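Peer 1:
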Amino acid sequence: MDAATIIRDFTAKGVQLAPTDHGTISITPRSRLTDADRDLLRKHKADVLAELQKVNLVNLVNIDSGYLAPPRIVHDQEPKFSDPEVMAETLLTTMRQIGLRVRLTAQGELRIGPSDMLWPYDRELIEELKPHLVALLKQEQRL
C-alpha cells in the first residue's frame, strides 16, 4: 500500500494527518484510530510523512504564489436596483400581481389599497418612490 492511498483512506474515515515541525505525524482525532491503523502508520511512517510534507509544500507554494484554486460554487451577485424609475416600475408590477389596486385620484394623488395588505417597509418604499410611481401612472393614463 502506498502513502497516498493510506492518507486518502484515513481522510475518508475522517482522520486528518499532518506533518509536524519535529518529524512526526499529527493525527486528529486520535480516537478514530484502530490498532490496525496504528500498526499501518508505524510500518509506513517514513513514506506517509514524506507524502504529507510533499502535499504541504505544494499547498504552501500555491498560497505563496498567489494561486488559489477557484471556489467550487460561485454565486452570482444579486442585481441591485439603482435607477428609481426601474424600481418604481418593478414595484408597480409587483403590487398589481399581488392584488393591490394602484390608481391616481382626480387631483393626481396616489392611492393604493387595500391598505391592510401593506407592511411598514412597503409604505416607506412607496413614499420614497412616490414621484416616480405618479409619473408612471400618468403615463399609463395618456396611453
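Residue numbers for the sequence shown follow my numbering, so the first one is 1 and each next one is one higher. Built from N, CA and C at the ideal position, the CB exists for glycine as well. Only a predicted model underlies this, so the values are computations on that prediction, with no experimental measurement involved.
By DSSP's criteria, Ser26 is part of a beta bridge. Which residues make up the other side?
Peer 2: Looking at the DSSP assignment, Ser26 forms a beta bridge with Ala18.
Peer 1: Between Met87 and Leu33, is the Cβ-Cβ spacing less than 8 Å?
Peer 2: Cβ atoms of Met87 and Leu33: not closer than 8 Å.
Peer 1: Per DSSP, which residues does Arg103 bridge with? Please list them.
Peer 2: BP columns for Arg103 point to Arg111.
Peer 1: Tell me the DSSP secondary structure of Lys54 in three-state form.
Peer 2: The answer is helix: DSSP assigns Lys54 an H, G or I state.
Peer 1: Taking 8 Å as the threshold (C-beta atoms), are Ile6 and Leu52 in contact?
Peer 2: Contact flag unset, no.
Peer 1: Tell me where the alpha helix (DSSP H) around Thr94 begins and ends.
Peer 2: Counting along the chain, the alpha helix (DSSP H) containing Thr94 begins and ends at Pro84 to Gln97.
Peer 1: Can you list, in chain order, the residues of its chain with a C-beta nearer than 7 Å to that of Pro84? Leave out the 5 residues immediately preceding and following it.
Peer 2: Answer for Pro84: Leu129 and His132, listed in chain order.
Peer 1: Go to Arg32, then tell me how far its alpha helix (DSSP H) extends in each direction, as first and last residue.
Peer 2: Segment: none, Arg32 is in no alpha helix (DSSP H) and carries neither H nor E.
Peer 1: Using the Cα positions of Gly23 and Ala12, report the straight-line distance between them to the nearest angstrom.
Peer 2: Looking at the two C-alpha atoms, the distance is approximately 24 Å.
Peer 1: Taking Lys54 as the reference, give the member of Ala4, Leu91, Gln97 and Arg30 with the closest Cα.
Peer 2: Among Ala4, Leu91, Gln97 and Arg30, the Cα nearest to that of Lys54 belongs to Ala4.
Peer 1: Where does Asp39 sit, in a helix, a strand or coil, going by DSSP?
Peer 2: If DSSP states are grouped into helix, strand and coil, Asp39 belongs with the helices.
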